[in-house]
Amino acid sequence: MTPNDFFASLWDHYTDITPQAQRIQELFKSHGENVLNDHVAFRTFNNSPISLEKLEPQLEAIGYKAYGAFRFESKHLKARCYKHQTDADSPKVFLSELIVEELPANCQDIIGKFIAQIPADAVQTPAIFWAGRLWETPTEVEYLALAVHSEYAAWLSTMGLQANHFTVSINHLKKFPTIEKVNELLQKEGYALNQVGGLVKGSPESFLEQSSTMADKVDYSFADGKQKTIPSCFYEFARRHTMPDGVLFDSFIEGNADKIFDSTSAK
Ligand code: OOG
Ligand code: NI
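Per our numbering, residue 1214 is the first one in the sequence shown, and the count goes up by one each step.
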């Protein structure tokens, strides 16, 4: 599979449950913009057949290599970022996993039941990255119990493995060259943006500025028959800056990422 085919399939699955991303991309195109992706992100459970360690070879199979590692203590997450080894324009990948053993026993039990349903050999091809949920639909009781300790766990239990966001590269926009201009356009069009810690995460001094929409909402039928509107996926916007050595910053920042995770918060 070529990276182009990979991201095309990923985008199709993502926009199915994130129609705002398609609409926002079309909005930029209507202003004459060519929309390039800075990165995409995935979430998963550690110590499982779809752990970060098990998924990594599928990114390597399409030419990607890890170049950074991150830890989010209070969210019980770790993450790695990946870039294509030869094609600098190919989107970067941010892959995080929940450290399940850091959650309370009741959450570990719920997640343990999901993980037990994933086939040991689930990871065979890069298509695993849009496989979605590999376990039975959770009950609303389980969903709410997870959300008390980890919004990430609650989200992952309903959505499974898929791109949880694509990210527009502001560096490649002509009419909206700053993050403020992008945010202004989105707010004028009525999109709800993630306000955690302010609209803009990061600064030119830290070489990365990011903002994101709040996730789209989908009607979801839980296993216990409960119907609820829950967050699906969101769209992000990133502007990268040149470092004093003249190189464009191409990694991620824990302090920014910590707030971007909240874009799928149900609250
Ligand atoms: C990933 C959040 C981090 C970034 O660009 O720093 C991130 C997630 O929500 O799963 O995307
Ligand atoms: Ni991101």
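Even glycine gets a Cβ: it sits at the ideal position worked out from N, Cα and C.
- Secondary structure at histidine 1297: strand, using DSSP grouped into helix, strand and coil.
- Threonine 1380 is bridged by DSSP to Glu1449.
- Counting the other Cβ atoms within 10 Å of the Cβ of threonine 1371 gives 16 or more, which makes it buried.
- Take the alpha-carbon of threonine 1299 and the one of tyrosine 1277: they are about 9 Å apart.
- Bridge pairing for lysine 1401: absent [DSSP].
- In this structure, glutamate 1310 lies near serine 1264, with their beta-carbon atoms less than 8 Å apart.
- Applying a distance threshold of 6 Å between residue Cβ atoms and the heavy atoms of the ligand NI selects His1252, Ala1254, Phe1307, His1378, Thr1380, Glu1449 and Ile1473, given in chain order.
- Restricted to the region 1333 to 1399, the alpha helix (DSSP H) segments that are unbroken, complete and at least 4 residues in length are 1353 to 1362 and 1364 to 1372, listed in chain order.
- Alanine 1366 sits buried, since 16 or more C-beta atoms from the chains shown fall within 10 Å of its C-beta.
- Closest in alpha carbon position to serine 1363, among His1289, Pro1457 and Leu1347, is His1289.
- The region 1396 to 1403 and the region 1332 to 1342 do not touch, with fewer than 3 CB-CB distances between them shorter than 8 Å.
- Here aspartate 1463 really is in contact with lysine 1305; their C-beta atoms are around 7 Å apart, less than 8 Å.
- DSSP places leucine 1240 in the helix class (H, G or I) of the three-state scheme.
- Rounded to the nearest whole angstrom, the CA to CA distance from alanine 1282 to cysteine 1294 is 7 Å.
- Separation of the CB atoms of histidine 1378 and phenylalanine 1447 is rounded to 5 Å, and the pair is thereby assigned contact status at 8 Å.
- Annotated as distal: serine 1434 and leucine 1406, with beta-carbon spacing of 8 Å or more.
- In terms of side-chain proximity, the C-beta atom of asparagine 1396 is found no nearer than 7 Å to any non-hydrogen atom of the ligand OOG.
- Lysine 1439 and threonine 1352 have their alpha carbons spaced roughly 8 Å apart.
- Closest option to asparagine 1260, judged by alpha-carbon separation, among Ser1243, Gln1235 and Gln1321: Gln1321.
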